[in-house]
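Asker: For reference, the structure I am asking about is given below.
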Amino acid sequence: MTAIPLQTTVHGSGPGLVLAHGAEGGIEANFGPVLPALARTHTVVGSDYPADDTPLTLDGLADALVAAAVAAGVETFTIAGFSLGTAVAVRAAARHPERVTGLLLTAGFAAPDNRARLIVRSWQDLIDREDRAGFARLALVTGFSSRYLDDLSRETVDELVDGIGASIPGGTWQQADLVDRADTTADLPGITVPTLVVATTADLLIDPVNSRALAAAIPGAEYAEIDAGHVVMAEQPDAWEKLLTDFLERHRL
2 MTAIPLQTTV HGSGPGLVLA HGAEGGIEAN FGPVLPALAR THTVVGSDYP
52 ADDTPLTLDG LADALVAAAV AAGVETFTIA GFSLGTAVAV RAAARHPERV
102 TGLLLTAGFA APDNRARLIV RSWQDLIDRE DRAGFARLAL VTGFSSRYLD
152 DLSRETVDEL VDGIGASIPG GTWQQADLVD RADTTADLPG ITVPTLVVAT
202 TADLLIDPVN SRALAAAIPG AEYAEIDAGH VVMAEQPDAW EKLLTDFLER
252 HRL
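Counting in this note's numbering, the sequence shown runs from 2 upward without gaps.
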């Protein structure tokens, strides 16, 4: 199996913390608002997935994230996964139990439900058609909670459509394909490390029932909720930061 190339940055010092971002995202986009707080107490390793048409598998991406951390000198680590990154994190813990010491899983899933599958397939169709504005509108409608989106001015919404349409990350089609195929259901009962599952309760992309199922299937997992849409780092960054940092501190991870 050919190794999946990643672009990796390292911040801070202390115990290891690896970040696994979501589809149509990146380390800065998904973790930027909470990264300074995490890096104050941890060596944070953030790897962006390939920005091209590199084929992705869950095993390959999990192995690549672990290899990037080890190459950076971080031998053991907690993994914080967001959205697709939760499946990558769980698979990494299952494949590399000697490396992974904890899991932080936000807005995640074990396997995509029908709504999520339809949405990511629509992403792919819009990318294939080069309909950037259509992609951006769908991303906004499903990424933000109804309340948050409706509180924005029309001018702001139009600016967001323009900005998202102009900056769709490379590799989004392949990441959407991986969302469609991902399934960590069989991995969950074997997870033994401290785990926090965070549901985003106003999520229109990944229904929060998926987070509840993750928490129920992972032995001893802690469960928390944030009243936000999928893009929790935009809607409720402070609440998300507190949940992550408190868990890391309580479990000395």
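Yeah, the Cβ is synthetic: ideal placement off N, Cα and C, and Gly gets one too. The structure presented is a predicted model; accordingly, all values stated were derived computationally and were not measured.
Considering Cα atoms alone, identify which of Ser146, Thr173, Arg213 is closest to Gly23.
Answerer: Among Ser146, Thr173, Arg213, the Cα nearest to that of Gly23 is on Thr173.
Asker: Along the beta strand (DSSP E) that carries Ile47, what are the first and last residues, could you check?
Answerer: Position check: residue 47 holds Gly in this sequence, whereas Ile was assumed. Start and end: 44-49.
Asker: Just mark Gly221 as buried or exposed, buried being the case when its beta carbon has 16 or more other beta carbons within 10 Å.
Answerer: When all chains shown are included, Gly221 counts as exposed.
Asker: Tell me the DSSP secondary structure of Phe110 in three-state form.
Answerer: In this structure, Phe110 counts as coil in the three-state DSSP scheme.
Asker: Quick check: the Cα distance between Leu106 and Ala21, rounded to an integer number of angstroms?
Answerer: If I take the Cα positions, the gap works out to 10 Å.
Asker: Taking the Cβ atom as the reference point for each residue, do Arg92 and Leu59 lie within a distance shorter than 7 Å?
Answerer: Against a cut-off of 7 Å, the Cβ pair of Leu59 and Arg92 comes out as a contact.
Asker: Going by alpha carbons, who is nearest to Val67 out of Arg213, Ala111, Val45?
Answerer: When only C-alpha atoms are compared, the closest one is Val45.
Asker: For the candidate residues Tyr149, Val35, Val194, Leu205, whose alpha-carbon lies nearest to that of Gly47?
Answerer: Ranking Tyr149, Val35, Val194, Leu205 by Cα distance to Gly47 puts Val35 first.
Asker: So for Ile227, helix, strand or coil by DSSP?
Answerer: Strand, per DSSP.
Asker: Quick one: give me the first and last residue of the beta strand (DSSP E) that Gly17 is part of.
Answerer: Run containing Gly17: 17-21, per the beta strand (DSSP E) assignment.
Asker: Taking 8 Å as the threshold, find out whether the segment 25-40 comes into contact with the segment 69-80 through three or more Cβ pairs.
Answerer: Touching, no, given that fewer than three Cβ pairs across the two stretches are closer than 8 Å.
Asker: Which whole-angstrom value is the C-beta distance of Leu119 and Leu245, which I expect to be below 8 Å?
Answerer: In fact, because the Cβ distance is near 30 Å, the residues do not count as touching under 8 Å.
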